[in-house]
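Asks: In the working numbering, the protein residues as written are 45 to 603.
Quick reminder that beta carbons are idealized off the backbone N, C-alpha and C, glycines included.
Structure in structure tokens, see below.
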Amino acid sequence: MRLRALLETDALGLRLLGGEDELDRTVRGVMTTDLRDPSRYLSGGELVLTGLAWRREPADSERFVRILAGAGVAGLAAGEAEMASIPDDLVVACAKHRLPLFSVDEDVSFASITEHVVRQVSGERAGDLAAVVDRHRRLMTGGPAGGGPDVVLDLLGSDLDLRAWVLSPTGRRIAGSSLAGAGPDLPPQVGAALAGEHLAASRTGRRGPHRVAAGGSTYSLFPVRSSGRGASARDVRETVLSDWLLAVEADAGDWPEERLDLLQGVTQLIAVERDRRDAARTVRRRLAQEVLELVQAGAAPAEIAARLRVAAPVLLPGLGTAPHWQVVVARVEWEDSDIPGGPVAQALLEEVLVDPEASGPEPSDRIAVAHTGDEAVALVPLPAVVTGTDEPAAPGLHADSLLAAVREPLARGLADDGRLTFGVSAAVHSAEGLRGALEEARHARRVAAARPGRVCAAGHQELASHVLLLPFVPDDVRRAFTARLLDPLRDYDRRHRAELIPTLEAFLDCDGSWTRCATRLHLHVNTLRYRVGRIEQLTGRDLSRLEDKLDFFLALRMS
């Protein structure tokens with residue numbers, strides 16, 4: 045039953061004091077307690093009834109509510125028999141931990157509430173128990189060991205007429221129902237939107253399933269909680285950017301408890317499969333770590349090449365040609381946190397570097413990622429391809445395309461306290477080039493880190509440009525340089541609304557062409573000449589000189 049149903053029963057004498065947005069939580073049982081720490085007796089989903097005998101001082105409320113929220117209880121109902129009203133500190137604590145709080149009228153006994161809840165829950169469980177048991181048996185028989193997540197999702201489709209997909213944190217399709225007549229597959233843009241909603245909900249601590257409207261349909265999103273990797277994580281930020289999710293095309297808000305339990309069982313089966321595939325990555329991670337250590341230590345190219353010959357068959361099974369290699373460096377940083385960035389970035393790169401159009405978990409099996417300190421380093425093999433000439437060319441990863449595929453959903457997971465930056469090297473075709481590729485990728489990542497935004501990337505192409513220099517200009521020098529050139533123009537714009545800064549940007553973008561700039565700004569050329577003259581007068585610079593144009597250009601880039 046839902047918490048909301050309790051308020052609809054007048055005889056229970058319940059009054060809502062907080063948590064209206066959480067009233068769709070499912071109540072799976074009831075417990076009466078006045079223990080200061082009842083956690084050992086809680087399994088999640090209970091309505092907790094208390095007479096507040098545990099409260100001796102206001103600070104006790106925060107401690108008690110934190111314990112209940114950590115145990116996953118559905119709600120708290122406090123009796124008014126001992127106190128004239130519910131203490132404000134308890135109301136505040138419940139609001140902080142998003143725990144629905146009810147007051148119980150002094151004329152209503154806890155026994156009456158317990159009897160009502162037990163009767164409702166037992167009746168709902170009895171209705172479809174046999175079918176649920178059978179479905180669980182079939183899911184376990186045909187689960188990951190017998191065909192992977194797709195088999196489980198096919199059973200959901202055949203038994204419950206539910207279309208479902210397993211999605212990565214970027215929204216890439218890992219598994220989905222393949223039943224005939226099941227309708228079109230999940231569009232990539234919808235998958236990315238669902239992943240973003242899931243990450244945002246996880247960061248705010250909302251309990252799943254999360255209901256989301258996207259692409260004209262309603263979806264219920266179930267977190268896939270790992271039983272191995274990250275199971276001991278103390279902070280959601282350690283795993284939020286790498287966890288899978290189960291997206292079901294249905295509104296789970298009105299589902300009976302049995303169906304919710306069944307879907308939770310499905311997520312557990314998928315989590316087992318995820319853990320198994322993570323364990324299989326151990327060899328690739330170890331190979332990447334060994335190669336990275338050799339490269340960083342300045343080992344002889346022959347030694348690195350020998351290690352690569354061992355790695356190539358593992359990373360590119362069945363390919364006879366020697367691959368080119370590309371290096372990608374990533375860093376995840378959280379504000380005011382001591383969460384290690386390396387492991388988070390490692391798990392994230394293993395997903396980000398997969399082609400977003402590729403489905404299934406297998407594509408990530410060809411990417412080896414190591415981590416050192418707070419950064420992760422990916423060694424990406426690129427099979428040589430023939431371009432129609434005698435020279436093979438290596439297909440490459442491009443920072444812009446990687447960024448476009450993952451920026452929106454991952455930014456939701458990073459919220460307002462996290463940042464992801466990564467840099468991409470050029471492709472190299474020998475062991476001699478790996479050290480340079482690693483340094484190139486690290487430089488590109490620093491360029492990306494100098495840009496605004498939660499998710500930023502830069503590629504090797506940008507390292508032959510002025511942008512390579514900008515990240516390494518000290519902040520105080522940067523501020524002084526831009527202030528000297530641009531502050532007079534900003535002050536003038538603020539007083540006269542003259543738009544000198546936009547005019548300067550357009551003039552430089554048009555390479556100093558009066559005609560093109562006037563056309564772009566929809567101005568008469570004489571008006572443009574007046575504005576440029578005002579810029580020169582205020583700054584003492586001459587925009588016909590290359591040196592002054594360059595100074596203005598850099599000041600705008602650094603501002």
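(1) Assign H540 to one of two classes, buried (16 or more other C-beta atoms within 10 Å of its C-beta) or exposed (fewer than that).
(2) Starting from T583, trace the alpha helix (DSSP H) in both directions and tell me its first and last residue.
(3) Looking only at C-alpha atoms, which of R523, T583, V316 sits nearest to L544?
(4) Please classify A84 as buried or exposed, where buried requires at least 16 other C-beta atoms within 10 Å of its C-beta.
(5) Which residue comes first and which comes last in the alpha helix (DSSP H) that contains C500?
(6) I believe V396 touches V450 by the beta-carbon criterion, under 8 Å. Please report the beta-carbon distance rounded to the nearest angstrom.
(7) With DSSP collapsed to three states, give me the class of R99.
(8) Short check: CB of G235 to CB of S221, under 9 Å?
(9) Just how far apart, CA to CA, sit C500 and L51?
(10) Under the DSSP definition of a beta bridge, which residues are partnered with Y263?
(11) Who are P232's beta bridge partners in DSSP?
(12) Verify whether the separation of the beta carbon atoms of E394 and R325 is less than 9 Å.
(13) Looking at the structure shown, is S156 part of a helix, part of a strand, or coil, going by DSSP?
(14) Could you tell me which residues DSSP pairs with T70 in its beta bridges?
(15) Does the distance from the C-beta atom of L145 to that of V117 stay below 9 Å?
(16) How would you write the range of the alpha helix (DSSP H) that W558 sits in, first residue to last?
(17) In terms of alpha-carbon separation, which member of D279, L530, L93 lies closest to E124?
(18) Of the choices R69, A485, L352, whose alpha-carbon is the least far from that of Q505?
(19) Would A494 pass as a contact of L507 if the rule is Cβ separation under 9 Å?
(20) Output the boundary residues of the alpha helix (DSSP H) element that contains S147.
(21) Could you have a look at A128 and say whether DSSP puts it in helix, strand or coil?
(22) Starting from A389 and walking both ways along the alpha helix (DSSP H), at which residues does that stretch end?
(23) By the three-class DSSP mapping on this structure, what secondary structure does I411 have?
(24) Is the beta carbon of A258 sitting closer than 9 Å to the one on E241?
(25) For R48 versus S147, is the C-beta spacing smaller than 9 Å?
(26) So, helix, strand or coil for L60, using DSSP?
(27) Going by the CB atoms, is the gap between E301 and M45 shorter than 9 Å?
(28) Got a sec, what are the start and stop residues for the beta strand (DSSP E) N368 sits in?
(29) When you compare the region 198-213 with the region 279-290, are there three or more beta-carbon pairs, one atom per stretch, that lie closer than 8 Å?
(30) Does the region 134-144 come into contact with the region 54-68, if we say contact requires no fewer than three beta-carbon pairs (one atom in each stretch) closer than 8 Å?
(31) Nearest-angstrom Cα distance between L352 and D319?
(32) Decide if the region 523-539 is in contact with the region 472-486; the criterion is three or more beta carbon pairs, one per stretch, under 8 Å apart.
(33) If you run the structure through DSSP and keep just helix, strand and coil, what is H217?
(34) Does the beta-carbon distance from R255 to D203 come in below 9 Å?
(35) From the DSSP output, read off the bridge partner residues of A422.
Replies: This is what the structure gives:
(1) exposed
(2) 569-583
(3) T583
(4) Checking the sequence shown, residue 84 turns out to be Arg, not Ala. Flag for R84 reads exposed.
(5) Per DSSP, C500 belongs to no alpha helix (DSSP H); it is in the beta strand (DSSP E), 499-503.
(6) 5 Å
(7) Coil.
(8) Against a cut-off of 9 Å, the Cβ pair of S221 and G235 comes out as no contact.
(9) 48 Å
(10) Residue pairing for Y263: DSSP places it in a beta bridge opposite V256.
(11) Its beta-bridge partners do not exist; DSSP assigns none.
(12) yes
(13) helix
(14) R46
(15) no
(16) Where W558 is concerned, the enclosing alpha helix (DSSP H) stretches over 558-565.
(17) L93
(18) A485
(19) no
(20) Not the alpha helix (DSSP H): S147 falls in the beta strand (DSSP E), residues 145-148.
(21) coil
(22) That run of the alpha helix (DSSP H) goes 385-396.
(23) coil
(24) With respect to the 9 Å criterion, A258 and E241 are classified as neighbours on the basis of their beta carbons.
(25) no
(26) strand
(27) yes
(28) Inspection of the sequence shows that residue 368 is occupied by His rather than by Asn. Note, H368: beta strand (DSSP E), 368-378.
(29) yes
(30) yes
(31) Between L352 and D319, the C-alpha separation is close to 27 Å.
(32) no
(33) Contrary to the premise, residue 217 reads as Arg rather than His in this sequence. Strand at R217.
(34) no
(35) V372, V413
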